[in-house]
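Under my numbering, the first residue of the sequence shown carries the number 1, and numbering increases by one thereafter.
Here the structure comes first, spelled out in C-alpha cells, and everything after it is commentary.
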Amino acid sequence: MAPQRTLSDVPDFLQNSPFLPFDTDASSSDAAEIAHPKPTVAQIVRSKRLRTIIIALITFTALFILLGKFRTDHPFTRLGISGPKCYFTPPVTIPEVPPGEVDWTRFAYIQYATSDDYLCNSLMLFATLERLESRADRVLLYTANLLYSSTATRLLESARADYNVQLVLVEKQHKNDVHYVWADSYTKLLAFNQTQYERVIHLDSDSTLRENLDNLFFLPEAPIVLPKAYWLGKPKLGAHIMVLQPSDDIFGKIVKGIRGASRGTYDMEIVNKIFGTSCLLLPHQPYALLTGEFGSPDPEHKAFMGEDGDWDPEMVLEQAKFVHFSDYPFPKPWEETTAEQQEKAVPPCVDNYQGWKEDCRAREIWINLYKDFKERRWAVCSLDDSPLEG
Ligand SMILES: *[C@@H]1O[C@H](CO)[C@@H](O)[C@H](O)[C@H]1NC(C)=O
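What follows is the structure in C-alpha cells.
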C-alpha cells in the first residue's frame, strides 16, 4: 500500500506539473450542475468525469511507485548523473603484486599533516609501513606552521631519517567559513597534485594499518578507487582510504571544488562529486572498517555485512587491513577522555553467543584498538603517556 503522501513529498521537478493528480480547483463547484437531476449508474460509468478520475488514480499510483523507486534505487546515481555510479557496481577484484621486477618509485603512500597531533599519526603510519616492509615511496605533505613547533620539527626529522619519508612543503588548503574540525581536510586533496607518481594511496592517519597494501597499486586503471561510506545509508563513497592516479586535469577540478566548497562540503563531498562516473569500488569490509562498527546498535550489522553472512567481530577484525577511528562524538584516541565518555562509547557486551552468557569480544576488540594506538603513539612520537584504562 502506498503510504499517505503530501505535495511536499513530490520532487521539485514535478511540482506544478500538469500531470500531478492534485485537483487544484477541487473546491470550486459548478453551480449549473447542482440543478441537474441525479444521473443513473449507466450514465456515471460512461461519464467523462469517472474516466478522468480513473486516469488520475492510475497516474497517482504510478507516480507513487516511481517516487518510491527514486528513494530506494537512486536511478540518477546509477546513471552517474548525481553521485557516484560505482557505488552500485561490484567491488574490484584485489590483485596480487605481479611477479618479477617492479619499479616501486612509480608508487607512493601519501600522508598530510597540518598539526603536531596529525603529524604524529602520520609518523605512526609510516612506522607501520616500515614494519610491514612496504616497498613504495613514502611522501608527507606538511604545512609551514609546523616549522615553528619543536615537536613537529623533531617528528619531521624522524620521518625523513627513520622511515625514509620524502617531505613536501605545501600550502594549507583551509577554509574559514566551515566547521573547524574539517577546515584543513582539503589539504589531503593535494595528493592529486603529486603527478610525479602514477598511483598513490592516501590513508587517513587517525587509523590503524594492519597489513601491507602494496598490491593495491596494481588495481585496474581508474582515476580513483574508493570504498562505500557504508555507514551512511545513502550512496556516498568514503575518502578515509583513496587509491588514486594524480593528474593535472583532475587536480584542476579538485582546486575548483575546494574553491567552491562551503559549510557541509569537505574532502569527501568534493571527491563524491568529481568522480561520479569514473570511480571503481574498493571492498569496504577489509579496507574501510570504522571502530564505531563494533558498537553499532544493529545486532546484525547489516550496513557493514551486506549479503556476506553473519557478523562475527573476531573474523571482521582478522580480515580488516585498515581500521579508521571513528566513534563520534567520542574523541580521537590521542585525546583526553573522561571515564564517563569512555563508558558511553565502549561497545556493550551482547547476549547469547553459542552458549556463552555474554559475548564481550566486540568490546574487547574496540578497547584493544584504542589501547594499541596509544601505546604505539607513545613509542613512535613520545607525546602521550596515558593509555586507555581497560
Ligand atoms: C601543485 O604542484 C605544482 C608542481 O609541483 C606546484 O607548483 C603547485 O604549487 C602545486 N599546487 C598546490 C596547490 O599545492
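Backbone N, C-alpha and C define an ideal beta-carbon position, used for all residues, glycine too.
Using only Cβ atoms and a threshold of 6 Å, which residues come within that distance of a heavy atom of ligand 1? Order them by chain position. Val170, Glu171, Leu190, Asn193
Practice item. Report buried or exposed for Val165, applying the criterion of at least 16 other Cβ atoms within 10 angstroms of its Cβ. Key: Counted from its first residue, the sequence shown places residue 165 at position 165. By the neighbour-count rule (16 or more Cβ atoms within 10 Å), Val165 is buried.
- Take the Cβ of Pro39 as the centre, count every other Cβ of all protein chains shown within 10 Å, and call the residue buried at 16 or more, exposed below. Against the sequence shown, residue 39 aligns to sequence position 39. So Pro39 ends up on the exposed side.
Inset, instruction - Enumerate, from N- to C-terminal direction, the unbroken alpha helix (DSSP H) stretches of 4 or more residues contained entirely within the segment 60-123. - result: 75-78
Worksheet item: Thinking C-beta only, is Ala159 closer than 7 Å to Phe126?
Response: Locating residue 126 in the sequence shown gives position 126, counting from the first residue. Locating residue 159 in the sequence shown gives position 159, counting from the first residue. Yes, Cβ-Cβ distance for Phe126 and Ala159 is below 7 Å.
Open item on the list: So, at 6 Å on beta carbons, what are the nonlocal neighbours of His202 in its own chain, with the 5 sequence-adjacent residues on each side left out?
Closed with: Position 202 of the sequence shown, counted from the first residue, corresponds to residue 202. Once the five neighbours on either side are set aside, the close Cβ partners of His202 are Ile110, Ala191, Met242.
- Going by CA-CA distance only, name the one from Lys357, Phe373, Gln173, Arg138 that's closest to Ala144. Within the sequence shown, the letter at position 144 stands for residue 144. Among Lys357, Phe373, Gln173, Arg138, the Cα nearest to that of Ala144 belongs to Gln173.
Quiz item: If Tyr112 sits next to Leu147, beta carbons under 8 Å apart, how far is it from one beta carbon to the other, in whole angstroms?
Solution: Your numbering for residue 112 matches position 112 in the sequence shown. Your numbering for residue 147 matches position 147 in the sequence shown. In fact, because the Cβ distance is near 15 Å, the residues do not count as touching under 8 Å.
Q) Rounded to a whole number of angstroms, what is the C-alpha to C-alpha distance between His301 and Glu198? A) Here the question's residue 301 lines up with position 301 in the sequence shown. Here the question's residue 198 lines up with position 198 in the sequence shown. When rounded, the distance between both Cα atoms is 37 Å.
What number of angstroms, rounded off, separates the C-alpha of Pro75 from the C-alpha of Ala42?
Counted from its first residue, the sequence shown places residue 75 at position 75. Counted from its first residue, the sequence shown places residue 42 at position 42. Taking the straight line from one Cα to the other gives about 44 Å.
Item to complete: May I ask which residues mark the beginning and end of the alpha helix (DSSP H) holding Gln285?
Response: Residue mapping note: residue 285 aligns to position 285 of the sequence shown, counting from 1. 284-287 is the span of the alpha helix (DSSP H), which, as asked, contains Gln285.
Item to check | Where the beta strand (DSSP E) containing Leu165 begins and where it ends | outcome: For the purposes of this step, residue 165 is identified with residue 165 of the sequence shown, where counting begins at 1. The residue asked about is misnamed: residue 165 is Val in this sequence, not Leu. Taken as a continuous stretch (DSSP letters only), Val165 belongs to no beta strand (DSSP E), as it is neither H nor E.
Candidates Ala222, Phe322, Thr338: closest to Pro329 by CA position: The sequence position of residue 329 within the sequence shown is 329, counting from 1. Checked all of Ala222, Phe322, Thr338; the closest Cα to Pro329 is Thr338.
Worksheet item: Between Trp311 and Leu57, what straight-line distance do the alpha-carbon atoms span, to the nearest angstrom?
Response: Counting from one through the sequence shown, the residue named residue 311 turns up at place 311. Counting from one through the sequence shown, the residue named residue 57 turns up at place 57. Spanning the two alpha carbons is a distance of roughly 45 Å.
Residues that DSSP places opposite Glu358 in a beta bridge
Residue mapping note: residue 358 aligns to position 358 of the sequence shown, counting from 1. Answer is Asp351.
task: Indicate the three-state DSSP secondary structure (helix, strand or coil) for Pro297 in the structure shown.
output: What you label residue 297 is simply residue 297 of the sequence shown in a count that begins at 1. Three-state DSSP puts Pro297 in coil, outside helix and strand.
Count the other C-beta atoms from every protein chain shown that fall within 10 angstroms of the C-beta of Ile65, then say buried if there are 16 or more, exposed otherwise.
Start at 1 with the first residue of the sequence shown, and residue 65 comes out as number 65. Exposed, because fewer than 16 other Cβ atoms sit within 10 Å of the Cβ of Ile65.
_Mapping the DSSP letters down to three states, classify Leu391 as helix, strand or coil._
The chain is shown from 1 up to 390; residue 391 falls before or after that span and cannot be answered.
Can you grab the Cα-Cα spacing for the pair His284 / Phe304, in whole Å?
As a first step, residue 284 is located in the sequence shown; it is residue number 284 there, counting from the start. As a first step, residue 304 is located in the sequence shown; it is residue number 304 there, counting from the start. Spanning the two alpha carbons is a distance of roughly 8 Å.
#### Entry: Proximity to Ile94 [Cα-Cα], best of Cys86, Leu213, Lys69, Ala136
Within the sequence shown, residue 94 is the residue found at index 94, counting from 1. When only C-alpha atoms are compared, the closest one is Leu213.
Validate contact between the segment 271-282 and the segment 221-228 using beta carbons, cut 8 Å, 3 pairs: yes
| message | In the DSSP assignment, the alpha helix (DSSP H) including Arg46 goes from what residue to what residue? | response | As a working mapping, residue 46 is identified with position 46 in the sequence shown. Arg46 -> alpha helix (DSSP H) spans 41-46.
Val346 by DSSP, collapsed to three states: which one? Within the sequence shown, residue 346 is the residue found at index 346, counting from 1. Here Val346 sits in coil by DSSP.
Quick one, are the C-beta atoms of Ser205 and His324 less than 7 Å apart? Looking up residue 205 in the sequence shown gives position 205. Looking up residue 324 in the sequence shown gives position 324. No, the pair does not count as a contact, with Cβ atoms beyond the cut-off.
> Secondary structure at Thr391, three-state DSSP: helix, strand or coil?
Replying inline: For residue 391 there is no data in the structure shown, the boundaries of the chain being 1 and 390.
Verify the contact flag: Val168, CB atom, against every heavy atom of ligand 2, threshold strictly below 6 Å.
Among the ligands modelled here, namely ligand 1, ligand 2 does not occur.
With DSSP run on the structure shown, which of helix, strand or coil describes Tyr142?
-> Counting from 1 along the sequence shown, the entry for residue 142 is found at position 142. In this structure, Tyr142 counts as strand in the three-state DSSP scheme.
- What is the residue span of the beta strand (DSSP E) that Arg199 lies within? For the purposes of this step, residue 199 is taken as residue 199 along the sequence shown, with counting starting at 1. First-last of the beta strand (DSSP E) with Arg199: 199-203.
Could you pull out every residue in the same chain whose Cβ sits closer than 7 Å to the Cβ of Arg361, ignoring the five residues on either side in sequence? The residue you call residue 361 lines up with position 361 of the sequence shown. Counting only Cβ-Cβ distances below 7 Å, and skipping sequence neighbours, we find Pro313, Glu314.
Please report the distance separating the alpha-carbon of Leu67 from that of Glu101.
Sequence index remark: in the sequence shown, residue 67 carries index 67 (1-based). Sequence index remark: in the sequence shown, residue 101 carries index 101 (1-based). Computed Cα separation, rounded: 54 Å.
Worksheet entry | Cβ neighbours of Ile365 in the same chain (closer than 8 Å, five flanking residues each side left out) | Here residue 365 refers to the residue found at position 365 of the sequence shown. Excluding sequence neighbours, Ile365 sits near Phe294, Pro313, Glu314, Leu317.
- Looking only at its own chain, which residues have a Cβ that is under 7 Å from the Cβ of Thr89, when we skip the five neighbours before and after it? Numbered from its first residue, the sequence shown carries residue 89 at position 89. The answer, listed in chain order, is Leu281.
Are the CB atoms of Tyr287 and Pro333 within a distance shorter than 7 Å?
For the purposes of this step, residue 333 is taken as residue 333 along the sequence shown, with counting starting at 1. For the purposes of this step, residue 287 is taken as residue 287 along the sequence shown, with counting starting at 1. Contact: no.
> In three-state DSSP terms, what is Asp137?
Replying inline: Numbered from its first residue, the sequence shown carries residue 137 at position 137. Strand, per DSSP.
Rounded to the nearest angstrom, what separates Phe322 and Leu289 at their Cα positions? Residue mapping note: residue 322 aligns to position 322 of the sequence shown, counting from 1. Residue mapping note: residue 289 aligns to position 289 of the sequence shown, counting from 1. For Phe322 and Leu289, the distance between alpha carbons rounds to 7 Å.
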